[in-house]
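What follows is one structure encoded as structure tokens, with my remarks underneath.
Residue numbers (this note's numbering): 5 to 337.
In structure tokens:
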């Protein structure tokens, strides 16, 4: 960590320190409600982190993925019912992740190879996902067991951070953290990341440099679908033990907003997801405390209201990748 890096990121470091201090103060000052609120916030944030990373990888490659909602929904459906019928959680997890990959490949092929409008392709994916999961839904099915939990050695012993992130955690919670770190490192410190950012910013220049723009976009958008699959499986097999129609409940769209507010950077998106998780935890706490007489449907909209406010504040302060949403035709630019 050089002096130049510290000077460049001084504001970020100051905000991080202030937030951490405030979090620890609240954790110890209100230890009757703070631990449960933090745990609830992280539980809500896990699928948002995974889904936001799907958007980051796609848009850094130049492809808008409006279909994250549908990918998560189909993965939740496929994972839950595959596990219920097979009697194996592993089969369910693999089925959910596989469905995410298939739908990621569908979106990649229609937008990159067929050059279909990316917004329309995502909307079509969402409509198909809603129709399929509603038509084939069968009530009364049960999972063969609960997803296993574990403590991460050493890290689970850290006050607050260990209790929330690494104690009694699940594979998907740990995956969300590892994936955010891995995607950040990959995008900004590897050859793959340099090439991905180049095809998302200036694909004609990348093509001139010998990068196969279409192939890289196809690979990135398809593989990113596995993260959407993990997010969906988490919702139906880890956060709950059942599948309900439209259970994703707008999280895919919220993840896109988180991606934008995170400036298309994985770690910032990770932080924003936790922020919205905490907002949801605050809404739940207000409802449970009985201090306010507000219908739960109204308090449930709080994260989305905050999303609109933060997006309005952030408008014009972040810049999307230069070629996002634009199909690339060799020789046209």
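The C-beta atom is built at its ideal place from N, Cα and C for all residues, glycine as well.
When the Cα atoms are used, residue 204 and residue 17 turn out to be separated by approximately 28 Å.
DSSP places residue 159 in no alpha helix (DSSP H); its state is neither H nor E. Per DSSP, the beta bridge partners of residue 173 are 154. Every alpha helix (DSSP H) stretch that sits fully inside the stretch 74–133 and reaches 4 residues is listed by chain position as 93–112.
Between the alpha carbons of residue 272 and residue 189 lies a gap of roughly 13 Å. Cα atoms of residue 75 and residue 91: separation of roughly 23 Å, rounded to the nearest angstrom. The beta carbon of residue 221 sits closer than 7 Å to those of 65, 66, 67, 112, 116 and 203, all from its chain and outside the five residues before and after it, given in chain order. When the five nearest sequence neighbours on each side are left out, the beta carbons in the same chain lying within less than 6 Å of the beta carbon of residue 266 are those of 272, 273 and 276, in order along the chain. Membership of residue 227 in the alpha helix (DSSP H) is indicated by the continuous run 217–241.
Assignment of residue 68 by DSSP, reduced to helix, strand and coil, places it in the coil class.
In this structure, residue 125 and residue 255 do not form a Cβ contact; the two beta carbons are roughly 20 Å apart against a cut-off of 8 Å. The stretch 280–287 makes no contact with the stretch 173–185: fewer than 3 CB pairs, one atom from each, lie closer than 8 Å.
Exclusion of the five residues before and after residue 218 leaves 116 as the residues of its chain whose Cβ lies within less than 6 Å of its Cβ. Between residue 38 and residue 31, the C-beta gap is smaller than 8 Å, which places the two residues in contact.
The straight-line gap separating the alpha-carbon atoms of residue 232 and residue 164 is approximately 28 Å. Between the alpha carbons of residue 63 and residue 302 lies a gap of roughly 32 Å. Scanning 238, 193, 329 and 114 for the CA closest to the CA of residue 80 turns up 238. In the three-state reduction of the DSSP assignment, residue 139 falls in the helix class, which pools H, G and I.
Residue 138 places its beta carbon 8 Å or farther from that of residue 242. With contacts defined as CB atoms closer than 8 Å, residue 230 and residue 105 qualify as a contacting pair. Residue state for residue 211 is assigned as helix, using DSSP reduced to three classes. Nearest to residue 330 by C-alpha distance, out of 131, 123 and 41, is 123. Taking 8 Å as the cut-off, the Cβ atoms of residue 35 and residue 73 do not count as close. Distance from the CA atom of residue 33 to the CA atom of residue 167, rounded to whole angstroms, is 16 Å. Per DSSP, the unbroken alpha helix (DSSP H) holding residue 307 starts and ends at 306–318. A straight-line Cα-Cα distance of about 35 Å links residue 134 and residue 171. Residue 82 is a Cβ neighbour of residue 100, given a cutoff of 8 Å. The shortest C-alpha to C-alpha distance from residue 327 to any of 169, 45 and 210 is the one to 210. The DSSP-derived three-state label of residue 330 is coil.
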